[in-house]
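Residue numbers (our numbering), protein chains in the order written: chain A, 1 to 295; chain B, 1 to 295. Ideal Cβ positions, reconstructed from N, Cα and C, are used throughout, including at glycine.
Structure representation (structure tokens):
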């Protein structure tokens, strides 16, 4: 249940950001029309994800009940008067904190604030929140990688193509920098090195049609290979290499990057053998060693 | 130029309809939020399609000029006062008529109606339209197949799964009916039989993840094969079969369906030989003959 809501909220946010076309990754940069539409998108994606029917008066029919979908990126939900007496599926997501909530509440006068907003809607009050039956009281959104990066790393990625705009390889330069930065990153979901880079992030950074090709090319010697950086996907030996090095194992459509060093005698680090050499994850001060040609 | 605008307007409309999730194909069924958002989507898709930069005060910078993007599905464009003195790229599309227009106009008091709407915007007046420099004065939108069908055909398609909702094969039954109806259709873009069914139409009718699989399965003997209906794509011998029969040749991601009959002695119809038999397009009264097992 938590996973399905987490995925559908991530999907809805990513579709409205439209990173492949716009390079955007932060809901705060959406305009007013888009923020309003995000609620509609969540309603549509949730209906589809759970195979819900249309209600008579409300958005959904669930087990014979009319249920309205309400999404907010802010603190509370605003309820139109047509929803009075009905059940609402209330959903909220805060991509900056990476958290979301889902609950059910029956709308009565008691749970609403006294005042109306300019659209003649009333917010659910602080006390009213206590009447919410939580389905997911405090869920984890799939990571928005670009939001989670330090400003310094993110800026370096988007500036990697400065002076190359309009040229053919701007997207390649940005993708290279994305994986270069990702190769050194520690995150909460990856206690060792290497953070998972999802497809949306690659699409947003490349901002062009064939992002997966840009990722494959980033492995070449003249891009990241000579710096000892490998990029592992979900296919072939990659999951096994990731496991051997203690890296997260990427799902289909995502990748993890790491910088390699040659294993020193007596090293206690996790080791993987590639092309007859023994590699470990590089530590920050290690000298660059070329990545294996094939892996 | 016309083709690029046609494609980007089609793409924008289709994305907001979100047929795969919603089964919708008619912009008239969009809610108010979605209709407003369609203008934003067109702005985004056009920026991406033409690789335009952001303007200082307006949506785009084109050749050093600030240009605002304005889209309407109605008769005229409403212009906010910030656009006064600026160039506007005005775009309109009418999916029911299959037509669109694109032009450029510099906003001055002269080209606007006197009255303001509730958002304090003013429409371009009938006289003001004469100041539009048309880039595409009367363009053809790529066909919205579901809109273009007769009500009778469309209803039959969507009702083909009645009683099977929630079951596994509802999408298959609707896809079968789509191609069964398409096999007999004459359209302006196809003077003979067979209309091209695009990917969006298949996604909308199937309303599930793997629509192309549903299309492949529709060819099987126990679906449409036994009725003599073939479905041709862009691969293998299909384009050649389509040409031999005088059918439109589908692009990648689209299909054309046709019902076959055995060629009579002395027939003047276009013939194709498959599995050692000579086939022609069936006429309406012809008896069903099974389609070849492999084609």
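Asked: Pairwise C-alpha distance: residue 214(A) and residue 233(A); Found: 13 angstroms
Asked: Residue 98(B) to residue 132(B) span [Cα, whole Å]; Found: 21 angstroms
Asked: Chain A contact residues for residue 21(B), given Cβ-Cβ distances below 8 angstroms; Found: 44, 45, 47, 48
Asked: Entirely enclosed beta strand (DSSP E) segments - the stretch 193-222 of chain B, minimum 3 residues; Found: 196-198
Asked: Neighbour flag for residue 60(B) against chain A, beta carbons, 7 angstroms; Found: no
Asked: Spatially closest choice to residue 238(A) from 221(A), 258(A), 9(A), 223(A), by CA coordinates; Found: 258(A)
Asked: Beta-carbon spacing of residue 218(B), residue 179(B) below 7 angstroms; Found: yes
Asked: Residue 67(A) - DSSP class collapsed to helix/strand/coil; Found: strand
Asked: 7 angstroms Cβ cutoff, residue 11(A) in contact with chain B; Found: no
Asked: Chain B within 7 angstroms of residue 37(A), Cβ atoms only; Found: yes
Asked: Within 7 angstroms, strictly: CB atoms of residue 297(B) and residue 181(B); Found: Given that chain B is displayed from residue 1 to residue 295, the structure contains no residue 297(B) and the question cannot be resolved.
Asked: 7 angstroms Cβ cutoff, residue 190(A) in contact with chain B; Found: Here the model assigns residue 190(A) a pLDDT of 45, short of 50, so the residue's position is not dependable, and the following value carries that caveat. No - not a single Cβ of chain B is within 7 angstroms of the one on residue 190(A).
Asked: CB contact check: residue 34(B) to chain A, cutoff 7 angstroms; Found: yes
Asked: 7 angstroms Cβ cutoff, residue 18(B) in contact with chain A; Found: yes
Asked: Inter-stretch contact at 8 angstroms, needing at least 3 Cβ pairs: the stretch 260-276 of chain A / the stretch 2-18 of chain B; Found: no
Asked: For residue 187(A), the three-state DSSP class (helix, strand or coil); Found: Because residue 187(A) carries a pLDDT of 46, less than 50, the predicted location of this residue cannot be relied on, and the following value inherits that uncertainty. Residue 187(A) falls in the strand class under three-state DSSP.
Asked: Exposed unless 16 or more other CB atoms sit within 10 angstroms - verdict on residue 84(B); Found: exposed
Asked: Residue interval of the beta strand (DSSP E) (run including residue 103(A)); Found: 99-106
Asked: Cutoff 8 angstroms; reference residue 263(B); Cβ partners in own chain excluding five residues on either side; Found: 269, 271, 278, 279, 280
Asked: Continuous alpha helix (DSSP H) stretch holding residue 264(B): start and end; Found: From DSSP, residue 264(B) is part of no alpha helix (DSSP H); its letter is neither H nor E.
Asked: Expected contact under 8 angstroms - CB spacing of residue 126(A) and residue 174(A) to nearest Å; Found: Going by Cβ atoms, the distance from residue 126(A) to residue 174(A) rounds to 44 angstroms, so no, they are not a contact pair.
Asked: Residue 94(B) to residue 17(B) span [Cα, whole Å]; Found: 14 angstroms
Asked: Residue-level contact to chain B via CB, residue 40(A), 7 angstroms cutoff; Found: yes
Asked: Distance between residue 110(B) and residue 124(A) (C-alpha atoms, nearest Å); Found: 48 angstroms
Asked: Of the listed residues 251(B), 3(B), 227(B), 146(B), nearest to residue 292(B) (C-alpha basis); Found: 227(B)
Asked: Inter-residue spacing [alpha-carbon to alpha-carbon] between residue 7(A) and residue 50(A); Found: 12 angstroms
Asked: Backbone CA spacing between residue 24(A) and residue 290(B) [nearest angstrom]; Found: 53 angstroms
Asked: Buried/exposed call for residue 120(B), threshold 16 Cβ in 10 Å; Found: exposed
Asked: Which listed residue (5(B), 1(B), 19(B)) has its alpha carbon closest to that of residue 305(B); Found: This structure does not reach residue 305(B), given that chain B is present from 1 up to 295, and the question cannot be answered.
Asked: Under 7 angstroms between C-beta atoms of residue 196(A) and residue 254(A); Found: yes
Asked: Per-residue burial, residue 128(A) [other beta carbons within 10 Å of its own, 16 or more giving buried]; Found: buried
Asked: Residue 75(B), buried or exposed, once every other Cβ within 10 Å from all chains shown has been counted against 16; Found: exposed
Asked: Start-to-end residues for the alpha helix (DSSP H) that takes in residue 7(B); Found: 2-17
Asked: With 16 other Cβ atoms within 10 Å as the buried cut-off, status of residue 82(B); Found: exposed
Asked: Nearest candidate by alpha-carbon position, reference residue 286(B), set 251(B), 229(B), 294(B); Found: 229(B)
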